[in-house]
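K.L.:
I'd like to ask you about the structure that follows.
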Amino acid sequence: MNDHPAVKISQPITGEKYRLLIEAGLTWLRTNQEAVNALNVFPVPDGDTGTNMVLTLQAAFDEMASTNSKDVSSLSENLAHGALMGARGNSGVILSQIWRGFSKGMENCQNLDVNCLVKGLKQAQETAYKGVVRPVEGTILTVCKDMAIAAEKAANETNDPLEMLRLITEAAKDSVE
Numbered sequence: 049m050n051d052h053p054a055v056k057i058s059q060p061i062t063g064e065k066y067r068l069l070i071e072a073g074l075t076w077l078r079t080n081q082e083a084v085n086a087l088n089v090f091p092v093p094d095g096d097t098g099t100n101m102v103l104t105l106q107a108a109f110d111e112m113a114s115t116n117s118k119d120v121s122s123l124s125e126n127l128a129h130g131a132l133m134g135a136r137g138n139s140g141v142i143l144s145q146i147w148r149g150f151s152k153g154m155e156n157c158q159n160l161d162v163n164c165l166v167k168g169l170k171q172a173q174e175t176a177y178k179g180v181v182r183p184v185e186g187t188i189l190t191v192c193k194d195m196a197i198a199a200e201k202a203a204n205e206t207n208d209p210l211e212m213l214r215l216i217t218e219a220a221k222d223s224v225e
C-alpha cells in the first residue's frame, strides 16, 4: 500500500465510463455554449465558437455512441473520426485535431489510466499545434498545451485517473483565465 497521502490508487476508467465522461463534457459545453461564444476574440469576435464546438463534439459523440466497442482506444478513434467529419468552423476543426491527437495517444489503451491520459494529452497538443498554420498563444491551443503539462505533473502526484482529471480541469480553468 502506498503511504503517500496525495497518491490514491483507483481503477482505470473503462470504456463505459469514458463514454459517460464524453457525454458529460458535451452537456457542459452545450450548457455553457454562450459563455464560450463570448470568449472568442481572436482573430475576430465572431461569436460562434461555442456553437461550432457543440456541433463538432455532438457529431463526435454520435459517432462514438454508434459503436459497441468497449475499449477506450476504439472509442477514441470513433470520437476523432466523428469530430473530423462533423467539424464546424475554425474552432471545430481545431477541436477535431485535438481529438485526433488524443486518439493517437490512446492507441493500445483498453482503459483510460494515468499513463494513457498523459500520452493522449501530449499527442493532442502536438497534433493541434501542427494542424494550425500560424499557431497563436492565448487560444484553445494554449489551453490544450497547459492541460498536457498539467497531466505530466499530475502523473507524479497520483495514480488515480479521476483525481488526475480534476487536476487537469483546474489547470484548464486557470489557462482560460
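The working numbering numbers the first residue of the sequence shown as 49 and each following residue consecutively. Note that beta-carbon positions come from the ideal geometry of N, C-alpha and C, so glycine has one too. Every value quoted in this text rests on a predicted model; they were computed, and no experiment measured them.
In its own chain, which residues sit with a C-beta less than 6 angstroms from the C-beta of E125, not counting the 5 before and 5 after it?
P.N.:
S151
K.L.:
Indicate whether at least one CB of chain C lies closer than 8 angstroms to the CB of H129.
P.N.:
Absent from the structure: chain C. Only one protein chain is present.
K.L.:
Would you list the one or two residues that DSSP bridges to L165?
P.N.:
L165 pairs with nothing; no bridge assigned.
K.L.:
List the endpoints of the continuous alpha helix (DSSP H) containing L105.
P.N.:
97-113
K.L.:
Check whether the Cβ atoms of I188 and S139 lie closer than 8 angstroms to each other.
P.N.:
Result yes, Cβ atoms of I188 and S139 sit closer than 8 angstroms.
K.L.:
N85 and G95 look like a contact to me (Cβ under 8 angstroms); what is the Cβ gap, rounded to whole Å?
P.N.:
In this structure N85 is in contact with G95, their Cβ atoms being roughly 5 angstroms apart against a cut-off of 8 angstroms.
K.L.:
A108 to N204, Cα distance in whole Å?
P.N.:
31 angstroms
K.L.:
Cβ of L210 within 8 angstroms of Cβ of A202?
P.N.:
no
K.L.:
Taking a contact to mean a Cβ-Cβ separation below 8 angstroms, would you say S223 touches V191 in this structure?
P.N.:
yes
K.L.:
How many Å lie between L165 and Q59 at the Cα?
P.N.:
About 14 angstroms.
K.L.:
Answer yes or no: do L127 and W147 have a C-beta to C-beta separation smaller than 8 angstroms?
P.N.:
yes
K.L.:
Between the Cα of T104 and the Cα atoms of A172, K178, A131, which residue gives the shortest distance?
P.N.:
A131
K.L.:
Among V180, R67, T206, which has the Cα closest to the Cα of S117?
P.N.:
R67
K.L.:
Based on Cα-Cα distance, which residue from V120, Y177, A176, G179 lies nearest to E155?
P.N.:
V120
K.L.:
With a threshold of 8 angstroms on Cβ separation, who are the neighbours of N80 within its own chain once the five nearest residues in sequence on each side are excluded?
P.N.:
G98
K.L.:
Flag A202 as yes when its Cβ comes closer than 7 angstroms to any non-hydrogen atom of the ligand GTP, and as no otherwise.
P.N.:
For the ligand GTP, the structure offers nothing, since it holds no ligand at all.
K.L.:
Using a Cβ-Cβ cutoff of less than 7 angstroms, which residues in the same chain neighbour E82 once the five nearest sequence positions on both sides are dropped?
P.N.:
G98
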